[in-house]
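What follows is a set of notes on a single structure, which appears directly below.
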Amino acid sequence: MMGLYLLAILLAAGPVPDQDRDPIKVLAGCYELRVLPTKPPDLIKKPLRLSRKFRLTPEPGGQPSGFVAKNLDTKVEWELLFASWTAKDADTIQIVWGTGFVGYSVRLKRSGADFRGKADYFDDTGGADSKDVVANTVDCEQTK
1 MMGLYLLAIL LAAGPVPDQD RDPIKVLAGC YELRVLPTKP PDLIKKPLRL SRKFRLTPEP
61 GGQPSGFVAK NLDTKVEWEL LFASWTAKDA DTIQIVWGTG FVGYSVRLKR SGADFRGKAD
121 YFDDTGGADS KDVVANTVDC EQTK
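The sequence shown maps to residues 1 to 144 in my numbering.
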């Protein structure tokens, strides 16, 4: 009888909130990224386009303790040798896209239904730039 009572309590508690689940499983999926406009408008074109569509996979790889990030943006012409992501928790994503010489480090924090943050451009000559970005989850079938 006691076992039945405990089962009823567990069922009534409902699903486990995201913060109690593995952040990798919570965050894995497909995303679209928007670069927010700057004032004054940025007139400098970077030699590496920031990926606007990507998939975060739960497959280990890339940076230490990282997971594979896959570019889905057909306008990105460079081979992204380094594409990985990590998560501190279910609300924070860190992505590194790069060729080994140039790339982006993207830091995102959950803000309502979206993720907001910074995309920092870097290159091997010391060039740097930072953009405000917003990412939202999308159905992976839409990104094909």
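Positions of the beta carbon are idealized from the N, C-alpha and C atoms, including for glycine.
Contact under 8 Å by Cβ, residue i with residue j
{"i": "S80", "j": "T99", "result": "Note on identity: in this sequence residue 80 is Leu, with Ser being the wrong assignment. Yes, the Cβ-Cβ distance between L80 and T99 is below 8 Å."}
{"i": "D139", "j": "R110", "result": "no"}
{"i": "K88", "j": "L72", "result": "no"}
{"i": "A135", "j": "D114", "result": "yes"}
{"i": "K118", "j": "V35", "result": "no"}
{"i": "V133", "j": "L33", "result": "yes"}
Range of the contiguous beta strand (DSSP E) that encloses residue i
{"i": "K154", "result": "The shown model of the chain, from 1 to 144, leaves out residue 154, and the question about it has no answer."}
{"i": "L56", "result": "K53 to P60"}
{"i": "K75", "result": "Unbroken run through K75: none, as it is neither H nor E."}
{"i": "L27", "result": "Element bounds for L27: not the beta strand (DSSP E) but the alpha helix (DSSP H), P23 to L27."}
{"i": "R116", "result": "D114 to D123"}
{"i": "Q94", "result": "T92 to G98"}
{"i": "L86", "result": "Checking the sequence shown, residue 86 turns out to be Thr, not Leu. T86 -> beta strand (DSSP E) spans F82 to D89."}
For residue i, the nearest candidate out of the options (CA to CA)
{"i": "A69", "options": "Y31, D89, T38 and K75", "result": "Y31"}
{"i": "F82", "options": "F101, T74 and L36", "result": "F101"}
{"i": "K75", "options": "Q63, R49, R34 and R116", "result": "R49"}
{"i": "I63", "options": "Q94, R34, L33 and T137", "result": "Checking the sequence, you will find Gln at residue 63 rather than Ile. Closest option to Q63, Cα to Cα, is Q94."}
{"i": "L27", "options": "E141, G127 and T137", "result": "T137"}
{"i": "G103", "options": "G112, D123, T86 and W85", "result": "D123"}
Between the CA atoms of residue j and residue i - distance to the nearest angstrom
{"i": "K25", "j": "L108", "result": "16 Å"}
{"i": "F67", "j": "G61", "result": "5 Å"}
{"i": "T125", "j": "V106", "result": "19 Å"}
{"i": "D158", "j": "Q142", "result": "What the structure shows of the chain is the stretch from 1 to 144, and residue 158 is not part of that stretch, so it cannot be assessed."}
{"i": "S149", "j": "G112", "result": "As shown, the chain starts at 1 and ends at 144. That puts residue 149 outside it, with no answer to give."}
{"i": "D129", "j": "E77", "result": "20 Å"}
{"i": "G127", "j": "G29", "result": "31 Å"}
{"i": "R55", "j": "R116", "result": "17 Å"}
For residue j and residue i, believed in contact at Cβ under 8 Å, the rounded distance
{"i": "T86", "j": "S65", "result": "6 Å"}
Within-8 Å CB hit, residue i to chain B
{"i": "T125", "result": "In the structure shown, chain B does not exist; there is a single protein chain."}
First and last residue of the uninterrupted alpha helix (DSSP H) at residue i
{"i": "L108", "result": "Unbroken run through L108 is the beta strand (DSSP E), V102 to S111; no alpha helix (DSSP H)."}
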